[in-house]
Amino acid sequence: MNPLFTGRILSLAVVTAVFPGVHAEDRPPSNPSDVKAMEEVVVSGSREATPLSATPSAIGKLDEETLDNTKATNIAQAVNQIPGVHMVDLGNEQHSMSIRQPITTSAVYQYLEDGVPIRPVGIFNHNALNEVNLTGAGEVEVMRGPSSSLYGSNAVGGAVNFLTRAPSLAPEAEISYQQSSEGYKRIDTGLSGSAGDFGLRLSHYSARLRDSWRQYNDMDKDAVTLRGDYALAPQSLVKVVYTYSDLYTETPGSLNESDYQTRPYISYQTFSYRSDLSNRLSTTLDHEWAGGALSTVTLYTRSNVHGQNPGYSIRSCTAPCTTTGNINENSYTSLGVDMRQRQDFSWANSRFIVGLTYDRSPNSYIEDKINVTRDANGLYSGYALSTRNRDYDVLLQNLSAYAQYELSPVKPLRVVVGGRYDTIDYDFTNNMTPSAATGAPNEVRSFDHFSPKLGATYAVTPATSLFANYSQGFTPPEVSSLYARLAVPNLRSATFGNYELGLRSGFAGDKGKLNLALYRLNGKDEIVNYQIAVGNSEPRNAGKTRHTGIELGTQYAFAETWEARLATRFSKHEYLDYDASAALSYDGKTIKGAPENVTDAEIAWRPRAGLRLGLQAQHVSRYWMNDANTVEYPGHTLLHLRGSYRIGAWEVWLKLMNLADKHFSYSAGSSYSGTGTYNPDTQNSYTPGDPRTLWVGVAYHFGNAGKPGNPRP
Numbered sequence: 001m002n003p004l005f006t007g008r009i010l011s012l013a014v015v016t017a018v019f020p021g022v023h024a025e026d027r028p029p030s031n032p033s034d035v036k037a038m039e040e041v042v043v044s045g046s047r048e049a050t051p052l053s054a055t056p057s058a059i060g061k062l063d064e065e066t067l068d069n070t071k072a073t074n075i076a077q078a079v080n081q082i083p084g085v086h087m088v089d090l091g092n093e094q095h096s097m098s099i100r101q102p103i104t105t106s107a108v109y110q111y112l113e114d115g116v117p118i119r120p121v122g123i124f125n126h127n128a129l130n131e132v133n134l135t136g137a138g139e140v141e142v143m144r145g146p147s148s149s150l151y152g153s154n155a156v157g158g159a160v161n162f163l164t165r166a167p168s169l170a171p172e173a174e175i176s177y178q179q180s181s182e183g184y185k186r187i188d189t190g191l192s193g194s195a196g197d198f199g200l201r202l203s204h205y206s207a208r209l210r211d212s213w214r215q216y217n218d219m220d221k222d223a224v225t226l227r228g229d230y231a232l233a234p235q236s237l238v239k240v241v242y243t244y245s246d247l248y249t250e251t252p253g254s255l256n257e258s259d260y261q262t263r264p265y266i267s268y269q270t271f272s273y274r275s276d277l278s279n280r281l282s283t284t285l286d287h288e289w290a291g292g293a294l295s296t297v298t299l300y301t302r303s304n305v306h307g308q309n310p311g312y313s314i315r316s317c318t319a320p321c322t323t324t325g326n327i328n329e330n331s332y333t334s335l336g337v338d339m340r341q342r343q344d345f346s347w348a349n350s351r352f353i354v355g356l357t358y359d360r361s362p363n364s365y366i367e368d369k370i371n372v373t374r375d376a377n378g379l380y381s382g383y384a385l386s387t388r389n390r391d392y393d394v395l396l397q398n399l400s401a402y403a404q405y406e407l408s409p410v411k412p413l414r415v416v417v418g419g420r421y422d423t424i425d426y427d428f429t430n431n432m433t434p435s436a437a438t439g440a441p442n443e444v445r446s447f448d449h450f451s452p453k454l455g456a457t458y459a460v461t462p463a464t465s466l467f468a469n470y471s472q473g474f475t476p477p478e479v480s481s482l483y484a485r486l487a488v489p490n491l492r493s494a495t496f497g498n499y500e501l502g503l504r505s506g507f508a509g510d511k512g513k514l515n516l517a518l519y520r521l522n523g524k525d526e527i528v529n530y531q532i533a534v535g536n537s538e539p540r541n542a543g544k545t546r547h548t549g550i551e552l553g554t555q556y557a558f559a560e561t562w563e564a565r566l567a568t569r570f571s572k573h574e575y576l577d578y579d580a581s582a583a584l585s586y587d588g589k590t591i592k593g594a595p596e597n598v599t600d601a602e603i604a605w606r607p608r609a610g611l612r613l614g615l616q617a618q619h620v621s622r623y624w625m626n627d628a629n630t631v632e633y634p635g636h637t638l639l640h641l642r643g644s645y646r647i648g649a650w651e652v653w654l655k656l657m658n659l660a661d662k663h664f665s666y667s668a669g670s671s672y673s674g675t676g677t678y679n680p681d682t683q684n685s686y687t688p689g690d691p692r693t694l695w696v697g698v699a700y701h702f703g704n705a706g707k708p709g710n711p712r713p
């Protein structure tokens, strides 16, 4: 271990070792008398069950009933109901994300399961949510805006926290089957119950896709979540969560302009693939002391093997021809601990939280060059292994200490101040002779950052509250940015300062809710590619950006049997300073992939018990496909129809997605720089969206399965 890093561990341990940590996702608020009976409670704003009205952050939540109504077959169908969230479906559980950022694959999001990061720092994967078992989630919370003061690096655009379903008190089980008109088939199973002080829940699904509307698009996915809760004593709880996920998918890739417009069903690929095998295990010991103290320690381990033959790495050429690509495998195994202590005080109804987190993740990467054949029809028809390009190991270590203090100097006001100090080490070992092709020589590099937070909420009335917040996020350079070349660039962490104001209100009794947030997010030292010469670029801290927006969410139940919801955002994402080369500046330009408006709305009718019919509309406004702001995607509006009916233990449902059979693209981009010759067929790329698709499903529920409200306390 790096001696400098050892010293940091010792010094921080002196401060926090006596405070075991907290993951209180399953406990009620510590002062339940202060919480109205129907008030919404979240855990992601402080890692502690807290009334949403007392949380000075923009947090959206999906409960178990909402998840059940959605009948989601990918996570985007669920989380896009939250204001400000636009998760882009790239097919077969692959995705990109847009939360207070343009549509991006960059490392500006933190994905968590019960508060534990799904992946370690330094090797972000924008497809990481394919490692999540949504069937095993009872709730999903999205914390919009920087939250590095709680969750560390990459929590810039937001943090998405999947809260596993607790075991039920009474025995229950469920099994369901659904399939689509486009070759998708899926089985979900669940089993839960308790005996004495022990409860167990198993959640599983297996999905297969064959012979869909798109060529070369088959997929296999299996996921299991097993959660066990054990009450050691009235004030002590042990929670163990294990999640397994195995994905293998063919990757049809994107299309050029002409093919997207005239034959979106084709693929140029015949051998590209992506595979992800992941395992996560966490054990949390939670003890509540007399006098308002709560201690918890969470131990966790995770492993992942990610292999791919990526179509996007194949160099384009005019068919028929030969070109090159690569096959790679990226793997890691992590060990980590999170420790926290919470203490409540009667003075000013205050609360102090302090914690320590350590994550150790050895990472290995290998990459082989391949020679690729492209036939006269434009298909990449075959390949042969060539030489090894890369072979390296990196020991990734992240040590952090964090604290948060909350108080109410006057009854309607709640003030929150906090911060987190992170130190991150990369210990890089190149297993090949360093060169421009094989990467950098061995080295150890460290990054340090302190992320502050200051926020307040004010209860205007029992049903209406205001909040204001300043928070900071950061993201260190990725391993691939640092060590892909012989010379290691001198990169700094990118930092983001966030200012926001918000309003939450209930209206019409308990029938309506309104959530509003306005924000400005300023980024500096963002890592961008700088072109030194044609065909030669390097990453640099050369970007400054500004992200400004308004997020609105509302829902209303009316006329006894009708309900409606709206989630919308208006935003602007712009470069303040970005020189792509010595001769090309994008200062003042709108960042590519940044629609000004994204809206998700639904109206639903419940004419009788167990029956629900819903019509959903999704709108993505036009956006620039390149940073020069010269190539535009026109946007799209989609309609989806859902219906479900439960009679006793049986449930059936129908979904008609893309009701109007709209021709659209999930994502669109262009490499055109704004200068020189523009050729749409060589510079534009589209990921075509699914045509109108019918889904049919049936489920059988044993006991109380499928009825929210039967968890263990």
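Residue 523 in the UniProt record's numbering sits at position 523 of the sequence shown; the count goes up by one each step and never skips.
Ideal Cβ positions, reconstructed from N, Cα and C, are used throughout, including at glycine.
In the three-state scheme derived from DSSP, where H, G and I count as helix and E and B as strand, GLN77 is classed as helix. At least 8 angstroms separates the beta-carbon of LEU90 from that of TYR151. Here the segment 455 to 466 makes no contact with the segment 477 to 490; the two share fewer than three CB pairs at distances below 8 angstroms.
One Cα belongs to GLY497, the other to PRO434, and the distance between them is close to 38 angstroms. Inter-segment contact for the segment 442 to 453 and the segment 145 to 164 is present: three or more beta-carbon pairs are separated by less than 8 angstroms. If you check the CB distance, THR284 and THR296 come in under 8 angstroms. Cβ-Cβ separation between ASP188 and THR135: approximately 5 angstroms, consistent with a contact (criterion under 8 angstroms). Ranked by Cα distance from TRP653, the options PRO362, GLY614 and ARG569 are led by GLY614.
When the Cα atoms are used, ALA384 and ASN371 turn out to be separated by approximately 5 angstroms. Here LEU191 is actually not in contact with LYS221; their C-beta atoms are around 20 angstroms apart, not less than 8 angstroms.
Per DSSP, reduced to three states, the secondary structure at GLU538 is strand. Following the DSSP letters along the chain, one finds PRO362 inside the beta strand (DSSP E) bounded by residues 351 to 374.
Judged by DSSP in its simplified three-state form, SER153 adopts coil rather than helix or strand. Counting of Cβ neighbours within 10 angstroms places HIS663 among the exposed residues, the total staying below 16.
Between GLN308 and TYR380, the C-beta spacing is not below 8 angstroms. Here the alpha carbons of GLY523 and GLU574 stand approximately 10 angstroms from one another. Taking the Cβ atoms as the reference, ARG165 lies roughly 7 angstroms from ALA137, within the contact range of under 8 angstroms. The continuous beta strand (DSSP E) containing ASP222 extends over residues 219 to 233. Non-local beta-carbon contacts of ILE550 in its own chain, meaning distances under 6 angstroms to residues more than five positions away in sequence, involve LEU518 and PHE570 in chain order. The distance from the Cβ of ALA567 to that of ILE82 is about 6 angstroms, consistent with a contact at the 8 angstroms cut-off. Contact between the segment 401 to 414 and the segment 345 to 365 is present: three or more C-beta pairs spanning the two stretches fall below 8 angstroms. In the structure shown, TRP624 falls within a strand segment according to DSSP collapsed to helix, strand and coil. As the crow flies, the alpha-carbon of LEU52 is around 39 angstroms from that of PRO691. Look at GLU551 here: in three-state DSSP terms it is strand. If you check the CB distance, THR548 and ASP525 do not come in under 8 angstroms. Annotation for LEU232: VAL238 place their beta carbon closer than 7 angstroms to its own, counting only its chain and skipping 5 residues before and after. Under the three-state reduction of DSSP, SER181 is assigned to coil, being neither helix nor strand. The beta-carbon distance between PRO595 and GLY635, rounded to whole angstroms, is 7 angstroms. This is short enough to meet the 8 angstroms contact definition. Excluding the 5 residues flanking it on each side, ALA660 has same chain C-beta neighbours closer than 8 angstroms at LEU638, LEU639 and ARG692, in chain order. In this chain, the beta strand (DSSP E) harbouring TYR578 covers 562 to 581. Under the three-state reduction of DSSP, GLU596 is assigned to coil, being neither helix nor strand.
In the three-state reduction of the DSSP assignment, LEU191 falls in the strand class, which pools E and B. With a 10 Å radius around the Cβ and a threshold of 16 neighbouring Cβ atoms, ALA582 comes out exposed. Runs of beta strand (DSSP E) with 3 or more residues, each lying fully within the segment 226 to 297, are found at 236 to 250 and 273 to 289, listed in chain order. Less than 8 angstroms divides the Cβ of TYR260 from the Cβ of PRO688.
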